[in-house]
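Residue numbering for the sequence shown follows full-length UniProt numbering, beginning at 1 and increasing consecutively.
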Amino acid sequence: MGISTSGNSDSYVSCITTCIYVYHRFPPLTFLLPSKMFGDALGGYAVAFSTFLLGKWNVSTTCPPARSVSLLFENDADWEHFGDHSSALFFHEPVTGAEAKTICKEHNETLFDVKNLAEISARFSYFQFMGEVDESEQYWAASSGRTCAIKPLQKRDFCVDIPSSDATLPFLCTNSAPHTTSVDTDFSDAPKVDVASKGTVFTGTRDHLAFRFMGIPYAQAPTGPLRFKYSQPWHGDRVDATALKPGCLQFGYFENNNLGVNPWGISEDCLYLNVYTPHIPSESRNEESPKLKPVLFWIHGGGNTYGLGSDLTFDGGPLASRTDTVVVTINYRLDVFGFLALNDDVITGNYALSDKITALQWVKDNIAAFGGDPNRVTISGQSAGGWSVIDLLRSPKAKGLFHRAISQSGGAGTFATPEQAAYMGGPLTSQFCNGTAVERLECLQGIPADNLIKASRKPLAFWPSVKDDVFIFDSPTHQISEGAGSINSVPFLIGFVPDEGQSALGAFPIDLNPDEKDFQLAISKVVGPDVAQKMHDSGLWKTNDEFTPYNATNNAFGNLILTCPAEEMITAAVKSEVFPSLYVYIMRRGYGLPFLNPFNLCTFPVGKPQPYYVCHSADLYPVFGTYHIYSHPVRVKEDIHYTALVQDMWGAFARSGNPNPDKEYLRARGPAYESTLKALEGGWTWPQFTGDGNQELVASLDYPGLTIDDGMPDGKNGRCAFLLQDGMRLF
Numbered sequence: 001m002g003i004s005t006s007g008n009s010d011s012y013v014s015c016i017t018t019c020i021y022v023y024h025r026f027p028p029l030t031f032l033l034p035s036k037m038f039g040d041a042l043g044g045y046a047v048a049f050s051t052f053l054l055g056k057w058n059v060s061t062t063c064p065p066a067r068s069v070s071l072l073f074e075n076d077a078d079w080e081h082f083g084d085h086s087s088a089l090f091f092h093e094p095v096t097g098a099e100a101k102t103i104c105k106e107h108n109e110t111l112f113d114v115k116n117l118a119e120i121s122a123r124f125s126y127f128q129f130m131g132e133v134d135e136s137e138q139y140w141a142a143s144s145g146r147t148c149a150i151k152p153l154q155k156r157d158f159c160v161d162i163p164s165s166d167a168t169l170p171f172l173c174t175n176s177a178p179h180t181t182s183v184d185t186d187f188s189d190a191p192k193v194d195v196a197s198k199g200t201v202f203t204g205t206r207d208h209l210a211f212r213f214m215g216i217p218y219a220q221a222p223t224g225p226l227r228f229k230y231s232q233p234w235h236g237d238r239v240d241a242t243a244l245k246p247g248c249l250q251f252g253y254f255e256n257n258n259l260g261v262n263p264w265g266i267s268e269d270c271l272y273l274n275v276y277t278p279h280i281p282s283e284s285r286n287e288e289s290p291k292l293k294p295v296l297f298w299i300h301g302g303g304n305t306y307g308l309g310s311d312l313t314f315d316g317g318p319l320a321s322r323t324d325t326v327v328v329t330i331n332y333r334l335d336v337f338g339f340l341a342l343n344d345d346v347i348t349g350n351y352a353l354s355d356k357i358t359a360l361q362w363v364k365d366n367i368a369a370f371g372g373d374p375n376r377v378t379i380s381g382q383s384a385g386g387w388s389v390i391d392l393l394r395s396p397k398a399k400g401l402f403h404r405a406i407s408q409s410g411g412a413g414t415f416a417t418p419e420q421a422a423y424m425g426g427p428l429t430s431q432f433c434n435g436t437a438v439e440r441l442e443c444l445q446g447i448p449a450d451n452l453i454k455a456s457r458k459p460l461a462f463w464p465s466v467k468d469d470v471f472i473f474d475s476p477t478h479q480i481s482e483g484a485g486s487i488n489s490v491p492f493l494i495g496f497v498p499d500e501g502q503s504a505l506g507a508f509p510i511d512l513n514p515d516e517k518d519f520q521l522a523i524s525k526v527v528g529p530d531v532a533q534k535m536h537d538s539g540l541w542k543t544n545d546e547f548t549p550y551n552a553t554n555n556a557f558g559n560l561i562l563t564c565p566a567e568e569m570i571t572a573a574v575k576s577e578v579f580p581s582l583y584v585y586i587m588r589r590g591y592g593l594p595f596l597n598p599f600n601l602c603t604f605p606v607g608k609p610q611p612y613y614v615c616h617s618a619d620l621y622p623v624f625g626t627y628h629i630y631s632h633p634v635r636v637k638e639d640i641h642y643t644a645l646v647q648d649m650w651g652a653f654a655r656s657g658n659p660n661p662d663k664e665y666l667r668a669r670g671p672a673y674e675s676t677l678k679a680l681e682g683g684w685t686w687p688q689f690t691g692d693g694n695q696e697l698v699a700s701l702d703y704p705g706l707t708i709d710d711g712m713p714d715g716k717n718g719r720c721a722f723l724l725q726d727g728m729r730l731f
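Below you can see the structure in the form of structure tokens.
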């Protein structure tokens, strides 16, 4: 196997990669490699010896030095015009003007033209704010085809005095890589970039907004003898990370590409992650290199039965470029493959949770090579991804692997006893395999995967995490109520959207429609007639022209499955003071996913803002800024400003554990961040949720009009107290 670093590749891998490779393949010879190989030049016999080794293993000798490089793009959150703005590659380490021109050419680029400097100059103000450049610093660029020096921090869009020919400066190259605008984007001809970490070379690519490493295996394929086993780390020499990989086995929206959302397919071999980064450091991490970036680790939702990290709703490019973070998205085992537990000490469940922890361990071990800070990892997820965040908060196996947490519409997580889990999974497996626990495992490991996933297909299928006394020890709320030391205590941000039940109901085969006339009859389709009678008799869901039977049903369902359990958990957290800081929000603006938008009620018409349902999953586009992937238009300009605001808050939390953006930071980021500054100019501050003096302060997020709500949704009107009684809970 060779390590190719051809001239047509963005190769930031130095000859140290060869030494790593040789050590991995033939350790007895590495003692002969002189230490000078690790410097800027090779000694004579080192060249000869390494050439011999390279020839033996057909490794290219074109091994340019690793260089610290940032991808510069001014992301103003206006997704319809991303492709209209300039993008650049900024190489931080100084070289001569001739070398700069050559290096740009090696990456199929040219020196950046000063006429476009205004589009990226704010990035240098930000670098100065971060202490990474100074005002007098000069950079190689081009003007009318000639190499020259510029001083962007002095607001000059023209060349200054040209240094001597042997002067060395950092430099700017163009970035002609196209903007990713569709689900089925083909990256096979895109520029390539190599990153080396822990003996593995990862070949990724770049687009207009970020460097992209897609389809990285973080665990061995969970097939054959590894099915229904905890995930095991993957090791290898080389990874082609230039294309997204299949999702895990499932049924529903992503089991095929009928909806145009999954051209990569599904497979039992699915444990892959994706990395999106604005910066790749040099291997030496020298003083010219920018600081490592915070990491946003995203876990997709889907009820533990569907979804994939390669869903381009979660394309990390826009979020990474706006927040200056490294974004990681993951696949994890779903449905029976990720959650089956039979209460037999052999098939014990929580395989999906083991996947997430293995992925976090991969991040800890490798993310610095991609520009990410392993000591500033924020786990985040929505819906079932929020459940996963809560699982990780309470699992001792995840201790030390993350430093902040965000749960979007994640309720209070899930929990089942071993007996409950076996009651759910036993009938499925008994149609295939019986015998002792070990015999049953061996039998199930040999059953065709398609047979198992087909057998698990049923309406309202639900797979929870299970108490196994390895990963999970107690229910979320009870464990959190035990106080300090009971969980992985980190700053925690949690919240909701107003109409959680609307699109969630649409995901289930329940015969409901907006013209429902009778609340009791409608809610009985969800919870059954006995509970429906109790809800009706409580008088807490009295309907009127605005709070229609349909709206009341949506409210009750959202409260049952998400909002009220989360509020109970939040209250327990406040009482036990288990989190060093706790922030709660409700999002008042959203953009519905096209396949989770029953009756087309989860968004408003273009140009006609009006009261509308802000549905479950309507928070995903504002967080990731990926409307353009699915050709969603800007409805009103406030959508752009709101997306910028949410991303700036999420980025602030990833940096510091506080979602209030630093105003000096926003000013340093330049004009693209003025809308967020404007939203905050009245002195609005997102308060911690402390419960002090019975003040339960919730950030109400919209643009314009940031406000603070006193109390959580339906927390003070009696509905949650009623639904949290024994006999009323769904979970």
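C-beta: ideal position from N, C-alpha, C; glycine also.
Since the structure is predicted, the reported quantities are computational estimates derived from the model, not experimental observations.
{"Item": "C-beta contact flag for residue 614 and residue 590 at 7 Å", "Value": "yes"}
{"Item": "Cβ pair residue 331, residue 308 closer than 7 Å", "Value": "yes"}
{"Item": "DSSP-derived helix/strand/coil call for residue 362", "Value": "helix"}
{"Item": "Sequence-distant residues of its chain with Cβ nearer than 6 Å to residue 381 (five each side left out)", "Value": "299, 388 and 389"}
{"Item": "Length of the line joining the Cα atoms of residue 699 and residue 110", "Value": "47 Å"}
{"Item": "Within 7 Å, strictly: CB atoms of residue 223 and residue 268", "Value": "yes"}
{"Item": "Beta carbon of residue 251 nearer than 7 Å to that of residue 588", "Value": "no"}
{"Item": "Nearest to residue 318 (by Cα), restricted to the options 414, 100 and 71", "Value": "71"}
{"Item": "Beta-bridge partners of residue 139, as assigned by DSSP", "Value": "150"}
{"Item": "Inter-residue Cα distance where the pair is residue 574 and residue 567", "Value": "11 Å"}
{"Item": "Bounding residues of the beta strand (DSSP E) (the contiguous stretch that carries residue 192)", "Value": "192 to 197"}
{"Item": "CB of residue 325 within 7 Å of CB of residue 654, strictly", "Value": "yes"}
{"Item": "Backbone secondary structure at residue 598 - three-state DSSP", "Value": "helix"}
{"Item": "Run of the beta strand (DSSP E) containing residue 214, from where it starts to where it stops", "Value": "211 to 217"}
{"Item": "Assigned exposure category for residue 161 - 16 Cβ within 10 Å defines buried", "Value": "exposed"}
{"Item": "DSSP bridge partner residues for residue 746 (one or two, in chain order)", "Value": "Only positions 1 to 731 of the chain appear in this structure, which leaves residue 746 out of reach."}
{"Item": "Beta-carbon proximity list for residue 255, same chain, < 7 Å, skipping 5 on both sides", "Value": "266"}
{"Item": "Contact with chain D by residue 427, beta-carbon distance below 7 Å", "Value": "Among the protein chains of the structure shown there is no chain D, as only one such chain exists."}
{"Item": "Enclosing alpha helix (DSSP H) for residue 451 [first to last residue]", "Value": "449 to 455"}
{"Item": "Simplified DSSP assignment, three categories, for residue 477", "Value": "helix"}
{"Item": "Touching by the beta-carbon criterion (3+ pairs, under 8 Å), the segment 616 to 627 and the segment 639 to 650", "Value": "yes"}
{"Item": "Local conformation of residue 104 per DSSP, three classes", "Value": "helix"}
{"Item": "heavy atom of the ligand FAD below 6 Å from residue 581 C-beta", "Value": "The ligand FAD is not part of the structure shown, which contains no ligands of any sort."}
{"Item": "With 16 other Cβ atoms within 10 Å as the buried cut-off, status of residue 617", "Value": "buried"}
{"Item": "Which listed residue (295, 173 and 261) has its alpha carbon closest to that of residue 105", "Value": "173"}
{"Item": "Cβ pair count under 8 Å reaching 3, the segment 395 to 412 against the segment 425 to 444", "Value": "no"}
{"Item": "Reduced DSSP secondary structure (H/G/I, E/B, other) of residue 277", "Value": "strand"}
{"Item": "Residue 718 versus residue 580: straight-line alpha-carbon distance, rounded", "Value": "29 Å"}
{"Item": "C-alpha distance - residue 543 paired with residue 519, whole-angstrom precision", "Value": "8 Å"}
{"Item": "Element boundaries [beta strand (DSSP E), containing residue 615]", "Value": "No beta strand (DSSP E) holds residue 615; DSSP gives it neither H nor E."}
{"Item": "At least 3 beta-carbon pairs within less than 8 Å: the segment 546 to 563 vs the segment 705 to 715", "Value": "yes"}
{"Item": "Opening and closing residue of the beta strand (DSSP E) in which residue 592 lies", "Value": "Counting along the chain, residue 592 falls outside any beta strand (DSSP E), and DSSP gives it neither H nor E."}
{"Item": "Span separating the alpha-carbon of residue 408 from that of residue 619", "Value": "8 Å"}
{"Item": "4-residue-minimum alpha helix (DSSP H) runs that sit fully inside the segment 549 to 592, ordered along the chain", "Value": "549 to 558 and 564 to 576"}
{"Item": "Whether residue 333 touches residue 306 by CB criterion (7 Å)", "Value": "no"}
{"Item": "Three-state secondary structure (DSSP) of residue 127", "Value": "helix"}
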